[in-house]
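Peer 1: Numbering of the sequence shown is given in my numbering, commencing with residue 180 and proceeding in unit increments.
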Amino acid sequence: MSAYPSIDTDVLRTFVAIADQGGFTRAGEMVNRTQSAVSMQMKRLEEDVLQRQLFERDGRQVRLTAEGQVLLGYARRILKLHSEVFNTLREPHMVGTVRIGTPDDYVMRFLPGILSRFAQFYPLIQIEVHCESSKQLLQRTDLDLSIVTREPGNEIGQLLRKERFVWAEAQNFSAHEQTPLPLAMFNSDCFCRLWACNALDAMGRDYRIAYNSTSLSALMAVVSAGLAITAQLESLITPDMRILGANEDLPLLPEASIMLIRNLNNPSPITECLAEHIVEGFKL
Numbered sequence: 180m181s182a183y184p185s186i187d188t189d190v191l192r193t194f195v196a197i198a199d200q201g202g203f204t205r206a207g208e209m210v211n212r213t214q215s216a217v218s219m220q221m222k223r224l225e226e227d228v229l230q231r232q233l234f235e236r237d238g239r240q241v242r243l244t245a246e247g248q249v250l251l252g253y254a255r256r257i258l259k260l261h262s263e264v265f266n267t268l269r270e271p272h273m274v275g276t277v278r279i280g281t282p283d284d285y286v287m288r289f290l291p292g293i294l295s296r297f298a299q300f301y302p303l304i305q306i307e308v309h310c311e312s313s314k315q316l317l318q319r320t321d322l323d324l325s326i327v328t329r330e331p332g333n334e335i336g337q338l339l340r341k342e343r344f345v346w347a348e349a350q351n352f353s354a355h356e357q358t359p360l361p362l363a364m365f366n367s368d369c370f371c372r373l374w375a376c377n378a379l380d381a382m383g384r385d386y387r388i389a390y391n392s393t394s395l396s397a398l399m400a401v402v403s404a405g406l407a408i409t410a411q412l413e414s415l416i417t418p419d420m421r422i423l424g425a426n427e428d429l430p431l432l433p434e435a436s437i438m439l440i441r442n443l444n445n446p447s448p449i450t451e452c453l454a455e456h457i458v459e460g461f462k463l
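(1) Per DSSP, which residues does Asp237 bridge with? Please list them.
(2) So, at 8 Å on beta carbons, what are the nonlocal neighbours of Ala347 in its own chain, with the 5 sequence-adjacent residues on each side left out?
(3) Figure out for me which residue from Glu455, Leu429, Leu260, Ala363 has the closest Cα to the Cα of Ile440.
(4) Closest by CA to Gln305, which one among Arg387, Ile186, Arg278?
(5) At the level of alpha carbons, what is the spacing between Ser181 and Glu226?
(6) What are the start and end residues of the alpha helix (DSSP H) that includes Phe289?
(7) Excluding the 5 residues preceding and the 5 following Gly336 in the sequence, name in chain order all residues of the same chain whose CB lies nearer than 6 Å to its CB.
(8) When the Cα of Met209 is compared with those of Tyr285, Leu443, Leu406, which residue comes out closest?
(9) What's the call for Arg192, buried or exposed, on a 16-neighbour Cβ count within 10 Å?
(10) CA-CA distance, Ala381 and Leu360?
(11) Pair every Cβ in the stretch 244-264 with every Cβ in the stretch 278-297, then say whether three or more of these pairs are closer than 8 Å.
(12) Just to confirm, are Pro331 and Ala378 a CB contact at a threshold of 8 Å?
(13) Tell me which residues share the same chain as Phe194 and place their Cβ nearer than 6 Å to its Cβ, disregarding the 5 neighbours each side in the sequence.
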């Protein structure tokens, strides 16, 4: 009885990089291979090993076929198990440092639970948390993991969750009745601010950026004081605030994708373990 052909984990890692980065060239940069080497790996995987088409190519755009989506799920699980083997047998008491990048938005809402559960399993690992905007994080190459917010159609990495943006103001205040409408928003490089302003422009409602900051806690303090309204992801709205909508003459805002990006130039069992905790934490 003949054995099934084997798939090297490096090939699977390249395949996942292509799926996450949306193309062969960027994936090659992430796994430190040339575009031609990546293409050759995938050609052998499609034609010689699996005998299935995994990609649909449209110019520079690459999309997974139905078979490719199936393989992606298995590839992530295999790579996770591969890391777990080394964690268990080679490094049962892992030590080291992991550098995470995240917008300020998610620090208070998601990270405490994630890091608390991670520390129970790996108490000797040091975590560095770098808080910057998604735009800034996408330009960095020194982080092991980055959590970023992306517009629909521009997702890269692994999807953590989809959420809608909503308008919100403090309970028992009516900042939404003011003209022009006072807004508390992130600085101008945040695309959710652009979404909010474009939506208000489209409906012809006067507004002003009354407060802007890189800090979510600063914005929420302003809103809690009844000085302005804001537009944020729904999960970030605190109990002392209420969500606004059409009844307050405010436009519907679109949905955003929260993505996890791995630095494939520097993979490690530590990083992958934390990545799995982040994925689980964003489901809660």
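Built from N, CA and C at the ideal position, the CB exists for glycine as well.
Peer 2: If we stick to the structure as given:
(1) Along the sequence shown, one-based indexing puts residue 237 at 58. Paired residue(s): Gln240.
(2) Counting from 1 along the sequence shown, the entry for residue 347 is found at position 168. So the list reads Val402, Ile408, Thr409, Ala410, Gln411, Ile416, Met420, Arg421, Ile422, Leu423, once near-sequence residues are dropped.
(3) For the purposes of this step, residue 440 is taken as the residue at position 261 of the sequence shown. Residue Glu455 is the option with its Cα nearest to Ile440.
(4) Reading the sequence shown from its first residue, position 126 is the one you call residue 305. Here the closest residue by C-alpha is Arg278.
(5) Here residue 181 refers to the residue found at position 2 when the sequence shown is read from its first residue. Here residue 226 refers to the residue found at position 47 when the sequence shown is read from its first residue. Bear in mind that the predicted position of Ser181 carries a pLDDT of just 47, short of 50, making it too unreliable to give a figure here.
(6) Sequence index remark: in the sequence shown, residue 289 carries index 110 (1-based). Looking at the DSSP string, Phe289 is not in any alpha helix (DSSP H), and its letter there is neither H nor E.
(7) Against the sequence shown, residue 336 aligns to sequence position 157. Excluding sequence neighbours, Gly336 sits near Asp199, Met438, Leu439, Ile440.
(8) Taking the sequence shown and counting its residues from 1, one reaches residue 209 at position 30. Taking only the C-alpha atoms, the option nearest Met209 is Leu443.
(9) Within the sequence shown, the letter at position 13 stands for residue 192. Result: buried.
(10) Numbered from its first residue, the sequence shown carries residue 381 at position 202. Numbered from its first residue, the sequence shown carries residue 360 at position 181. Going by the C-alpha atoms only, they are around 14 Å apart.
(11) Touching, no, given that fewer than three Cβ pairs across the two stretches are closer than 8 Å.
(12) Within the sequence shown, numbered from 1, the residue matching residue 331 stands at position 152. Within the sequence shown, numbered from 1, the residue matching residue 378 stands at position 199. No, these two residues do not count as a Cβ contact at 8 Å.
(13) Position 15 of the sequence shown, counted from the first residue, corresponds to residue 194. Closer than 6 Å at Cβ, skipping near neighbours: Ala254.
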